[in-house]
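Novice:
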Amino acid sequence: YEIDRNVEFEYDSYIDPDSVVRLLDVDNRVLLPSQEFIRALITSNDVLHSWALPSLGVKIDAVPGRLNQFIFSILLNSVIHGNTDASKCAD
């Protein structure tokens, strides 16, 4: 699919409890371009969350009232699993 670069893009996905890959697969995967720089903005409405893409060496915290960002690039087409650190989520 194609994303218009001039429009804000928001994407929601949730852990798929029926997946054979325990707690790593989601119901709605996001497709990102390879060999391009991607800017991600991370925040939270309620509590602290820790979000990571370990295979890319990325870990960032979502903090209420704060907008954190990181820029990354994916070199090859691949499936990359992200995760959250439940011990840091103050639900």
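Residue numbers (this note's numbering): -4 to 86.
We put the CB at the ideal spot given by N, CA and C, even for glycine.
Since we're looking at a predicted model, the values are computed, not measured.
Please determine, among Asn72, Gln64 and Leu19, the residue with the shortest C-alpha to C-alpha distance to Pro49.
Specialist: Comparing Cα positions, the closest option is Leu19.
Novice: Have a look at Arg34, Leu70 and Ile69 and flag the residue whose alpha-carbon is nearest the alpha-carbon of Ile55.
Specialist: The shortest Cα separation from Ile55 among Arg34, Leu70 and Ile69 belongs to Arg34.
Novice: Pick helix, strand or coil for Pro59, following the three-state DSSP scheme.
Specialist: The answer is strand: DSSP assigns Pro59 an E or B state.
Novice: To which residues does DSSP link Gln64 through a beta bridge?
Specialist: DSSP, once it has assigned bridges, lists Leu36 as partnering Gln64.
Novice: What separation, rounded to the nearest whole angstrom, lies between the Cα atoms of Arg61 and Ser45?
Specialist: Arg61 and Ser45: Cα-Cα distance of roughly 13 Å.
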